[in-house]
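The numbering used here puts the first residue of the sequence shown at 16, with every later residue one more than the last.
Note that the Cβ used here is the ideal one computed from N, Cα and C, for glycine as well.
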Amino acid sequence: MTDRIPLRWMVARPGEQFCIPVSAAATDGRYSIVEIISVPGDATPLHLHNKEDEYVVVLEGTVMVAVGEKIFNLAAGESAMLPRGIPHAWGNRTESDIRMVFAVTPGGCEEGLRMIAEDGVADMVQIGDRFQIEVLGPAPF
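Structure (C-alpha cells):
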C-alpha cells in the first residue's frame, strides 16, 4: 500500500500559491507536477524554458495564455503545451481565482518555485541561470 502524502501549499508571490504533488526527485528527473492557484490580476512574466516542455491543464476558471505570437484563453477542462524554447506567459485576467496543473518534462524547475517560497530567493536572474529559464519581459496581455 502506498502512503498518503499531504500536499504542502506555498506562496510563490503575492496572489499565487502552489503545491508540488510530484517532484522531479520522485520520478528520477523525468517529470514533475505542480498545481497553482492564482488570484485575479496575477500573471507570470513572458519567459522561456531552455530545457523543459510544460503542459498546462486548467481545473477551474479561465487562464489567458501567450505562446509565441498567439494569445488565447483556456477554460476549465482545456489544456495547452508550452514548448521549450518558445516564449510564453499565463495570467488571470478574470474576477475569480484560477486553478491549474502543470506537468513539466524533464522535471526540476519546480525547485525554483520552492527556492522562492522556502528560501526567500527573489533574484529571478539567479533562479533563471540555475534552471535555464529566461525572463523576457512582462506578460503581453
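- Judged by DSSP secondary structure, V73 falls outside any alpha helix (DSSP H) and instead within the beta strand (DSSP E) spanning 68-75.
- Contact fails between the region 80-99 and the region 136-143, because fewer than three Cβ pairs, one in each stretch, are under 8 Å apart.
- When secondary structure is reduced to three states using DSSP, I20 falls in the coil class, being assigned neither helix nor strand.
- Taking the C-beta atoms as reference points, M115 is found no nearer than 9 Å to I35.
- Taking the CA atoms as reference points, A104 sits about 19 Å from V26.
- CA-to-CA, the gap between N88 and D18 works out to about 37 Å.
- When rounded, the separation of the alpha-carbon atoms in Q147 and T120 is 14 Å.
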